[in-house]
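Before any comments, here is the structure.
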Amino acid sequence: MICEVREGDKQVVKQAAGLMAFVWGCWKLNLAGAMEFRISFMLTAGMMVVNNLVWIVFWGLYFQRFQVVNGWSLQDVMMMWAVSAGGFGLSAVLFGNAYRLASLIASGQLDVFLSQPKPVLLHILISRMSVSAIGDVLFALLVYVLFGDTSLAGIFKFMLALLIALLIFIFFVVLVQSLAFFIGNAEGIGQQVFNGLLAFSTYPTGIFSGWGKLILFTVIPAGFISYLPIGLLRSMEPLFVWQAIGVAAGLTIVGTAFFYYGLKRYSSGNSMGMRM
376 MICEVREGDK QVVKQAAGLM AFVWGCWKLN LAGAMEFRIS FMLTAGMMVV
426 NNLVWIVFWG LYFQRFQVVN GWSLQDVMMM WAVSAGGFGL SAVLFGNAYR
476 LASLIASGQL DVFLSQPKPV LLHILISRMS VSAIGDVLFA LLVYVLFGDT
526 SLAGIFKFML ALLIALLIFI FFVVLVQSLA FFIGNAEGIG QQVFNGLLAF
576 STYPTGIFSG WGKLILFTVI PAGFISYLPI GLLRSMEPLF VWQAIGVAAG
626 LTIVGTAFFY YGLKRYSSGN SMGMRM
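Residue 376 is where the sequence shown starts when you use the working numbering, and the numbers rise one by one after that.
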């Protein structure tokens with residue numbers, strides 16, 4: 376019996392290692408494809424950095440006149456942008472297909488993923504990389520170096536904040552775009568809802584109150600991203616941190632389950648293709 380259990384454990388470890396190697400291989404191929412046209416790659420990523428810097432300049436000018444906004448300092452706002460841009464950037468670089476999932480479903484382009492012996496949702500998500508989002512990641516790291524706490528504890532908290540933001544971005548989008556299984560092409564509504572999530576995650580939660588604040592922590596969970604600089608990075612608020620982790624984990628479970636539930640209704644596009 377003990378030998379059988381150990382053999383089973385070895386099999387699980389082997390499968391997990393194989394899956395990790397598969398994911399890493401997809402990421403390397405995506406990056407190699409992006410780097411094939413290096414000038415275009417650098418311009419695309421660079422323009423995204425410049426685009427984000429415009430907002431940083433705007434907030435810098437604002438705080439020259441008003442030192443604090445409902446308890447938020449310039450450093451808090453800078454870290455909010457670092458977390459939001461970094462979380463979104465990592466999600467779009469590592470799991471870029473999440474943002475075009477509705478289009479793939481509506482056009483019947485999931486066939487190639489269904490024919491492979493890999494987890495379908497994971498395979499879909501890692502099969503594309505957003506080049507411009509690399510600029511978001513670089514921007515987030517730059518802002519963190521300039522304004523963040525670079526101690527070991529500070530780095531750990533920043534990495535946790537990025538992970539929470541990444542999971543909320545990915546699986547909120549997966550949840551919304553999986554509506555395409557039921558209502559046809561949900562790309563438009565998916566994009567609009569995502570734009571709302573991204574936009575509200577870059578504004579201090581202190582400027583909202585009443586119904587607006589309630590919506591930001593329920594319907595569109597942007598508040599759990601934008602409040603991270605206060606509730607996690609500035610001073611650890613255990614209740615908020617566990618709530619944010621719970622929301623991220625909950626969205627991961629619900630988004631994944633909703634996708635696979637909808638997958639039962641998927642209509643094949645009869646397309647042929649090959650994947651790694």
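Using N, Cα and C, we set each Cβ at its ideal position, and we do this for glycine too.
Own chain partners of residue i with C-beta closer than 6 angstroms, once the 5 adjacent residues on each side are dropped
{"i": "S478", "result": "E562"}
{"i": "A455", "result": "Here residue 455 turns out to be Met, not Ala, going by the sequence shown. Excluding positions up to five away in sequence, the list reads S601, P604."}
{"i": "M647", "result": "Low local confidence applies: a pLDDT of 49 at M647 is under 50, so the model's placement there is unreliable, with the coordinate-based value given in what follows. If we look at M647 and ignore the five residues flanking it on each side, it has no Cβ neighbours."}
Assigned exposure category for residue i - 16 Cβ within 10 Å defines buried
{"i": "W399", "result": "exposed"}
{"i": "R650", "result": "Only weak support is given to the placement of R650: the predicted model assigns it a pLDDT of 48, under 50, and the value that follows is read from those uncertain coordinates. R650 comes out exposed."}
{"i": "Y519", "result": "buried"}
{"i": "A536", "result": "buried"}
{"i": "S415", "result": "exposed"}
{"i": "V568", "result": "buried"}
{"i": "I530", "result": "exposed"}
{"i": "Q552", "result": "buried"}
{"i": "G523", "result": "buried"}
{"i": "T525", "result": "exposed"}
Rounded Cβ spacing between residue i and residue j (contact assumed at less than 8 angstroms)
{"i": "A420", "j": "I509", "result": "4 angstroms"}
{"i": "A619", "j": "I539", "result": "5 angstroms"}
{"i": "A462", "j": "L541", "result": "Checking the sequence shown, residue 462 turns out to be Gly, not Ala. That belief holds up - the Cβ atoms of G462 and L541 are roughly 5 angstroms apart, short of 8 angstroms."}
{"i": "A481", "j": "G559", "result": "6 angstroms"}
{"i": "F599", "j": "I543", "result": "6 angstroms"}
{"i": "F633", "j": "A597", "result": "No, F633 and A597 are not in contact; Cβ-Cβ is about 20 angstroms, not under 8 angstroms."}
{"i": "F430", "j": "L449", "result": "The question names Phe, but residue 430 is Trp in the sequence shown. 13 angstroms between Cβ atoms; not a contact."}
Start and end residues, alpha helix (DSSP H) containing residue i
{"i": "W617", "result": "613–638"}
{"i": "Q552", "result": "527–552"}
{"i": "F470", "result": "Looking at the DSSP string, F470 is not in any alpha helix (DSSP H), and its letter there is neither H nor E."}
{"i": "E570", "result": "The question names Glu, but residue 570 in the sequence shown is Asn. Element bounds for N570: 562–575."}
{"i": "S478", "result": "476–481"}
{"i": "A601", "result": "Per the sequence presented here, residue 601 reads as Ser, with Ala not at that position. Per DSSP, S601 belongs to the alpha helix (DSSP H) from 598–601."}
{"i": "Y641", "result": "Element bounds for Y641: n/a, residue is neither H nor E."}
{"i": "Y519", "result": "506–522"}
{"i": "I558", "result": "555–558"}
{"i": "V495", "result": "495–500"}
{"i": "L608", "result": "No alpha helix (DSSP H) contains L608, which DSSP labels as neither H nor E."}
{"i": "L589", "result": "585–591"}
{"i": "V487", "result": "486–489"}
7 angstroms CB neighbourhood of residue i in its chain, flanking five on each side removed
{"i": "V616", "result": "G606, L607"}
{"i": "V380", "result": "In this prediction, V380 has a pLDDT of 49, which is less than 50 and means its spatial position is unreliable; nothing more can be read from the coordinates."}
{"i": "N326", "result": "Residue 326 lies beyond the stretch modelled for the chain, which goes from 376 to 651, so this question has no answer here."}
{"i": "V622", "result": "I543, P596, F599"}
{"i": "W402", "result": "L469, I501"}
{"i": "A391", "result": "none"}
Per DSSP, cross-strand counterpart(s) of residue i
{"i": "V444", "result": "W447"}
Sequence-distant residues of the same chain with beta carbon closer than 8 angstroms to residue i, five excluded per side
{"i": "P494", "result": "L394"}
{"i": "R503", "result": "N405, G471, N472, R475"}
{"i": "M422", "result": "S507, G510"}
{"i": "P579", "result": "V444, N445, W447, D451, V452, M455, S601"}
{"i": "K389", "result": "none"}
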